[in-house]
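> From first to last, the protein sequence lines are chains U and V. With my numbering applied, the first sequence has no gaps in its numbers, which climb one by one up to 316 at the end. With my numbering applied, the second sequence has no gaps in its numbers, which climb one by one up to 407 at the end. Ideal placement from N, C-alpha and C gives every residue a C-beta, glycine not left out.
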Amino acid sequence: MEWLSEFGAIAAMQGFNGLSVFCVLLLMALGLAIIFGQMGVINMAHGEFLTIGAYTTYVVSVLTEQYAPFFGPYYFFLAIVLSFFIAGAIGWLAEWAMISKLYQRPLDTLLATWGLSLVMQQAFRSIFGAREVSATLPEWLMGSWNPTEAIDIPRNGLFVMGLTVLMTGMIFLMLYRSRWGLQVRATVQNRVMSRAVGINTKKVDRMTFALGCGVAGVAGAAFTTIGSTGPTAGSLYIVDTFLVVVFGGASSLLGTIASAFSIAQAQSLMEFFMSGSMAKVFTLSAVILILMLRPQGLFSIKVRK
Amino acid sequence: MDSPTRFLPRRLALGAAALSLLAASVFSQMALADVNTTGLAVTDTEVTVGQLHSATGTMAISETGSIQAERLAIEQINASGGILGRQIKIIQEDGASDWPTFAEKAKKLLVGDKVAAVFGCWTSASRKAVLPVFEKENGLLYYPTFYEGLEQSKNVIYTGQEATQQILAGLDWIAKEKGAKTFYLIGSDYIWPRTSMKIARKHIENVLGGKVVGEEYYPLGNTQFGSLINKVKLKKPDVVFTAVVGGSNVAFYKQMKAAGVTSAKQNLLTLSVTEDELLGIGGENMDGFYASMKYFQSLDNPNNKAFVEAFKAKFGKDSVIGDVTQAAYLGPWLWKAAVEKAGSFDVDKVAAASPGIELTTAPEGYVKVHDNHHLWSKTRIGQVQKDGQFKVVFESGLIEPNPFPKGYQ
Chain U
12 MEWLSEFGAI AAMQGFNGLS VFCVLLLMAL GLAIIFGQMG VINMAHGEFL TIGAYTTYVV
72 SVLTEQYAPF FGPYYFFLAI VLSFFIAGAI GWLAEWAMIS KLYQRPLDTL LATWGLSLVM
132 QQAFRSIFGA REVSATLPEW LMGSWNPTEA IDIPRNGLFV MGLTVLMTGM IFLMLYRSRW
192 GLQVRATVQN RVMSRAVGIN TKKVDRMTFA LGCGVAGVAG AAFTTIGSTG PTAGSLYIVD
252 TFLVVVFGGA SSLLGTIASA FSIAQAQSLM EFFMSGSMAK VFTLSAVILI LMLRPQGLFS
312 IKVRK
Chain V
-1 MDSPTRFLPR RLALGAAALS LLAASVFSQM ALADVNTTGL AVTDTEVTVG QLHSATGTMA
59 ISETGSIQAE RLAIEQINAS GGILGRQIKI IQEDGASDWP TFAEKAKKLL VGDKVAAVFG
119 CWTSASRKAV LPVFEKENGL LYYPTFYEGL EQSKNVIYTG QEATQQILAG LDWIAKEKGA
179 KTFYLIGSDY IWPRTSMKIA RKHIENVLGG KVVGEEYYPL GNTQFGSLIN KVKLKKPDVV
239 FTAVVGGSNV AFYKQMKAAG VTSAKQNLLT LSVTEDELLG IGGENMDGFY ASMKYFQSLD
299 NPNNKAFVEA FKAKFGKDSV IGDVTQAAYL GPWLWKAAVE KAGSFDVDKV AAASPGIELT
359 TAPEGYVKVH DNHHLWSKTR IGQVQKDGQF KVVFESGLIE PNPFPKGYQ
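#1: My output table needs one value for Asp96 (chain V): the three-state DSSP class, helix, strand or coil.
#2: Around the C-beta of Val208 (chain U), are 16 or more other C-beta atoms found within 10 angstroms, so that it is buried, or is it exposed?
#3: According to the Cβ coordinates, are Lys366 (chain V) and Gly395 (chain V) closer than 8 Å?
#4: With three or more beta-carbon pairs closer than 8 Å as the criterion, would you say the segment 52 to 69 of chain U touches the segment 117 to 129 of chain U?
#5: Under a CB-based cut-off of 8 Å, is Leu247 (chain U) close to chain V?
#6: On the premise that Val229 (chain U) lies in contact with Met178 (chain U), defined as a C-beta separation below 8 Å, what is that separation, rounded to the nearest angstrom?
#7: Output, in chain order, the set of chain V residues within a Cβ distance shorter than 9 Å of Ser270 (chain U).
#8: Measuring alpha carbon to alpha carbon, tell me which residue in V:Gly208, V:Lys252, V:Ala257, V:Glu275 is nearest Leu232 (chain V).
#9: Excluding sequence positions up to five away, which residues of its chain have a Cβ less than 7 Å from the Cβ of Leu89 (chain U)?
#10: How many whole angstroms separate the CB atoms of Ser317 (chain V) and Phe309 (chain V), which I take to be in contact at a CB cut-off of 8 Å?
#11: Between the alpha carbons of Arg84 (chain V) and Val33 (chain V), how many angstroms are there, rounded?
#12: Using 10 angstroms around the beta-carbon of Asp216 (chain U), count the other beta-carbons present and answer buried if the total reaches 16, otherwise exposed.
#13: Applying a beta-carbon distance threshold of less than 9 Å, which residues of chain V neighbour Pro149 (chain U)?
#14: Roughly how many angstroms lie between the CA atoms of Pro165 (chain U) and Ala134 (chain U), to the nearest whole one?
#15: Along the chain, where does the alpha helix (DSSP H) containing Ser290 (chain V) start, and where does it finish?
#16: For a contact defined as C-beta to C-beta under 8 Å, what are the partners of Gln133 (chain U) on chain V?
#17: Please state whether the Cβ-Cβ distance between Ile81 (chain V) and Val337 (chain V) is less than 8 Å.
#18: Name the residues in the segment 233 to 254 of chain V whose C-beta lies less than 7 Å from a C-beta of chain U; which are they?
#19: Going by beta-carbon coordinates alone, are Asp285 (chain V) and Lys384 (chain V) separated by less than 8 Å?
#20: Note down, in chain order, every chain U residue with its Cβ under 9 Å from the Cβ of Pro98 (chain V).
#21: Cα separation between Ile397 (chain V) and Ala360 (chain V)?
#22: With a threshold of 8 Å, are at least 3 pairs of Cβ atoms found where one atom belongs to the segment 150 to 163 of chain V and the other to the segment 177 to 189 of chain V?
#23: Express the C-alpha separation of Val322 (chain V) and Phe294 (chain V) in angstroms, rounding to a whole number.
#24: Using DSSP with H/G/I as helix, E/B as strand and the rest coil, what is Ala311 (chain V)?
#25: What residues match up with Pro165 (chain U) in a beta bridge as DSSP calls it?
#26: From Ser95 (chain V) to Gly241 (chain U), what distance separates their C-alpha atoms?
#27: Nearest to Ile45 (chain U) by alpha carbon, out of U:Arg116, U:Ile268, U:Thr235?
#28: Whole-angstrom Cβ separation of Val230 (chain V) and Tyr182 (chain V), contact assumed at under 8 Å?
#29: Which residue from V:Leu138, V:Ile89, V:Gly219 puts its Cα closest to that of Ala351 (chain V)?
#30: In this structure, how does DSSP classify Gln49 (chain V) when only helix, strand and coil are distinguished?
#31: Taking Tyr78 (chain U) as part of the alpha helix (DSSP H), name the residues at either end of that continuous run.
#32: By the DSSP assignment, the beta strand (DSSP E) with Gly102 (chain U) in it spans what residues?
#33: So for Tyr187 (chain U), helix, strand or coil by DSSP?
#34: Measure from the C-beta of Gln77 (chain U) to each C-beta in chain V and report whether the shortest distance is under 8 Å.
#35: Kindly provide the ranges of any alpha helix (DSSP H) runs that are 4 or more residues long and lie completely inside the segment 300 to 365 of chain V, ordered along the chain.
#36: State the start and end residues of the unbroken alpha helix (DSSP H) segment that holds Phe258 (chain U).
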């Protein structure tokens, strides 16, 4: 009888783990889903915008410890908001200075953003040093929550989950329920016609790119609770991010969600029954196979060419 | 055309230069012809060495400490009069975390700059990339990282521990101290963790009479360890034995802590967390776990106190010193001792003079170069403290390096 309850506890924790990986994948992919999905820009520097969020959190944490220790338990919320605006502002600049000149040449954007990612990595290294740093996490984010004796639910996992739901909801509202979202979707479907009916597509592009980068910044801030903060930390996420967005069908938010969910569940389950490297091999093979049969990804919107 | 009046001063200047050169060689302890017969970059006042690490790219995280330690050692040697009366000049090259670049820069240092020795490399991949260059051009490399063993070269002095030195003493200690019988082995998926775990498994099964209940490798850069942690909870091993590296390292321990796997419930012994890694992980996330290696910053001996003080004076009071950083610091000192014993900078003579060299001033205590170019050293067990330092809880005797261990391959 005892082993049965233990089995139940492991199953519950494993189920939570699947959901938690899903939320991590979705949160890291949201920003890219906006940029790649809506604008068609292959942003290789996406990981570095995550890193901006992570370093922002670190700086806020250090400043809090030094100047306002009483604020310690709550600094994380401020860090998330700041991460959004700093990453968004840098994204806005990058779009203005570089990306906007390259819209007609998608392959060149790939090279240019990759170059941008290298520049940003070295900038982090020059500013913060080559070594990894760690933000002091508030006590309420550390350790686990125990609904029963045998079950440990990671608090940082719960936090990331809540944040993911919040961000996804906000982006959904912005894309599908706001005037700005209407303009973005119109621009995606037919740029020339959108311009003809008076949409300032340049402004729409810039805002979209900045928003995507800002969301990446939020993800980066959240990931300081589960991962590392270093100059190349963002590059750990970039492959998975592209995987989720491409597999989901580039211009569909729903597709991104479905894709993150299926990849996360597949990975989490397989990791439990085989070794980590093999699980990755099988996950990637499945993704390749499905993309061969369905090159447009899981979900796709019909766009008039 | 040169007029005679302009020609004359130049000849005078030449003469003066020749005269001062003569004077310098008279005053230096040993004549140039004696200490350098192979055309190395040695003058009467200077000897040039190379430094080859990644100052940029992924590996800069780890290699920065080594770069600093080698610079400190060379500065101290210069301040105390140099080597055979010559000051050491450093040419630093950046391997940029890219193995072919390492090979290219090694060739540049050896062929172009004719350096007398090179202090460098960190990952095994970079060492394997430069090894053929060092053997072909007959250079001398001081390599600081603890590594998987299974290698020995006339042209390399290994100042870190090879795998058996680091692993066996640690496993023996935890088996005895904690009565551990079952082990769960976890590593990043590349040569060093895999070789280390192979050695660990043989030792656990054949010598300790224990059992390995799980062995898992995760891709470098993996950031999600939830499933693995659940498997560990299911198997309930006495000890989790880890060699996870890079960004994964931080993710692994943060997620262990979040899943409630702390030192209160679980013994954990790692091969891959030094003070450097703890900066990124945060001491509070690993509090109470153990690491097995030859050096910890908190070692209580006069050599180490002086070393830590000098290091902090030069690189800032917040700097930390990990195992590899200390091993890198030994490089220039071992080279100095060997050159002085050989009475020459020639690579063949220095390599031949190296075995038997002792260093009583090493921060880790006493080391001695073995015939196989690795160091005799002690292994310590450190327990992670909240402040990011280790408390040394065990110290072995001097362990013989054995890069090709019989029965462990």
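Result, derived from the coordinates:
#1: Here residue 96 (chain V) is taken as the residue at index 98 of the second sequence, counted from 1. Residue state for Asp96 (chain V) is assigned as coil, using DSSP reduced to three classes.
#2: In the first sequence, residue 208 (chain U) corresponds to position 197, counting from 1. Classification of Val208 (chain U): exposed, given that the 10 Å Cβ count is below 16.
#3: As a first step, residue 366 (chain V) is located in the second sequence; it is residue number 368 there, counting from the start. As a first step, residue 395 (chain V) is located in the second sequence; it is residue number 397 there, counting from the start. No, the pair does not count as a contact, with Cβ atoms beyond the cut-off.
#4: Using a Cβ-Cβ distance cut-off of 8 Å, the segment 52 to 69 of chain U and the segment 117 to 129 of chain U are in contact, since at least three pairs of beta carbons, one from each stretch, lie closer than that value.
#5: Stepping through the first sequence from its first residue, residue 247 (chain U) is reached at position 236. Using beta-carbon distances, Leu247 (chain U) counts as an interface residue toward chain V, with a partner under 8 Å.
#6: To locate residue 178 (chain U), count along the first sequence from 1; it is residue 167. To locate residue 229 (chain U), count along the first sequence from 1; it is residue 218. Going by Cβ atoms, the distance from Met178 (chain U) to Val229 (chain U) rounds to 6 Å, so yes, they are a contact pair.
#7: Indexing the first sequence from 1 puts residue 270 (chain U) at position 259. Within chain V, no residue comes near Ser270 (chain U); the closest Cβ sits about 16 Å away, beyond 9 Å.
#8: By one-based count along the second sequence, residue 232 (chain V) stands at place 234. Among V:Gly208, V:Lys252, V:Ala257, V:Glu275, the Cα nearest to that of Leu232 (chain V) belongs to V:Ala257.
#9: Counting from 1 along the first sequence, the entry for residue 89 (chain U) is found at position 78. The residues are Val71.
#10: The sequence position of residue 317 (chain V) within the second sequence is 319, counting from 1. The sequence position of residue 309 (chain V) within the second sequence is 311, counting from 1. Confirmed, Cβ separation roughly 6 Å.
#11: The residue given as residue 84 (chain V) occupies position 86 in the second sequence. The residue given as residue 33 (chain V) occupies position 35 in the second sequence. For Arg84 (chain V) and Val33 (chain V), the gap between their C-alpha atoms comes out near 11 Å.
#12: By 1-based counting over the first sequence, the position of residue 216 (chain U) is 205. Taking a 10 Å sphere around the C-beta of Asp216 (chain U), we find 16 or more other C-beta atoms and assign the residue as buried.
#13: Here residue 149 (chain U) refers to the residue found at position 138 of the first sequence. In chain order: nothing, as chain V lies at least about 12 Å away.
#14: As a position in the first sequence, residue 165 (chain U) is number 154, starting the count at 1. As a position in the first sequence, residue 134 (chain U) is number 123, starting the count at 1. When rounded, the distance between both Cα atoms is 33 Å.
#15: For the purposes of this step, residue 290 (chain V) is identified with residue 292 of the second sequence, where counting begins at 1. From DSSP, Ser290 (chain V) is part of no alpha helix (DSSP H) but of the beta strand (DSSP E) over 288 to 291.
#16: As a first step, residue 133 (chain U) must be located in the first sequence, where it is residue number 122. Chain V residues near Gln133 (chain U): Thr54.
#17: The residue given as residue 81 (chain V) occupies position 83 in the second sequence. The residue given as residue 337 (chain V) occupies position 339 in the second sequence. Their beta carbons are under 8 Å apart, which means Ile81 (chain V) touches Val337 (chain V) by this criterion.
#18: Gly245, Val248, Ala249, Lys252, Gln253
#19: For the purposes of this step, residue 285 (chain V) is taken as residue 287 along the second sequence, with counting starting at 1. For the purposes of this step, residue 384 (chain V) is taken as residue 386 along the second sequence, with counting starting at 1. Yes, the Cβ-Cβ distance between Asp285 (chain V) and Lys384 (chain V) is below 8 Å.
#20: If you number the second sequence from 1, residue 98 (chain V) lands on position 100. Against chain U, the beta carbon of Pro98 (chain V) has no neighbour under 9 Å; the closest one sits roughly 17 Å away.
#21: What you label residue 397 (chain V) is simply residue 399 of the second sequence in a count that begins at 1. What you label residue 360 (chain V) is simply residue 362 of the second sequence in a count that begins at 1. Those two C-alpha atoms are separated by around 16 Å.
#22: Inter-segment contact for the segment 150 to 163 of chain V and the segment 177 to 189 of chain V is absent: fewer than three beta-carbon pairs are separated by less than 8 Å.
#23: Residue numbering aside, residue 294 (chain V) sits at position 296 when the second sequence is read from its first letter. Residue numbering aside, residue 322 (chain V) sits at position 324 when the second sequence is read from its first letter. Taking the straight line joining both Cα atoms gives about 10 Å.
#24: Taking the first residue of the second sequence as position 1, residue 311 (chain V) is located at position 313. It is helical.
#25: Within the first sequence, numbered from 1, the residue matching residue 165 (chain U) stands at position 154. Pro165 (chain U) pairs with U:Ser155.
#26: For the purposes of this step, residue 95 (chain V) is taken as residue 97 along the second sequence, with counting starting at 1. For the purposes of this step, residue 241 (chain U) is taken as residue 230 along the first sequence, with counting starting at 1. Cα to Cα, Ser95 (chain V) sits roughly 15 Å from Gly241 (chain U).
#27: Position 34 of the first sequence, counted from the start, is the residue given in the question as residue 45 (chain U). It is U:Ile268.
#28: Counting from 1 along the second sequence, the entry for residue 230 (chain V) is found at position 232. Counting from 1 along the second sequence, the entry for residue 182 (chain V) is found at position 184. Contact holds; Cβ gap of about 6 Å.
#29: Taking the second sequence and counting its residues from 1, the one referred to as residue 351 (chain V) is at position 353. Nearest of V:Leu138, V:Ile89, V:Gly219 to Ala351 (chain V), Cα basis: V:Leu138.
#30: Here residue 49 (chain V) refers to the residue found at position 51 when the second sequence is read from its first residue. In this structure, Gln49 (chain V) counts as strand in the three-state DSSP scheme.
#31: By one-based count along the first sequence, residue 78 (chain U) stands at place 67. Looking at the DSSP string, the run of the alpha helix (DSSP H) that includes Tyr78 (chain U) is 57 to 78.
#32: One-based indexing of the first sequence puts residue 102 (chain U) at position 91. Careful: Gly102 (chain U) lies outside any beta strand (DSSP E), inside the alpha helix (DSSP H) at 86 to 108.
#33: One-based indexing of the first sequence puts residue 187 (chain U) at position 176. Helix.
#34: By one-based count along the first sequence, residue 77 (chain U) stands at place 66. No, Gln77 (chain U) does not count as interfacial toward chain V.
#35: 300 to 313, 321 to 340, 345 to 351
#36: For the purposes of this step, residue 258 (chain U) is taken as the residue at position 247 of the first sequence. First-last of the alpha helix (DSSP H) with Phe258 (chain U): 246 to 259.
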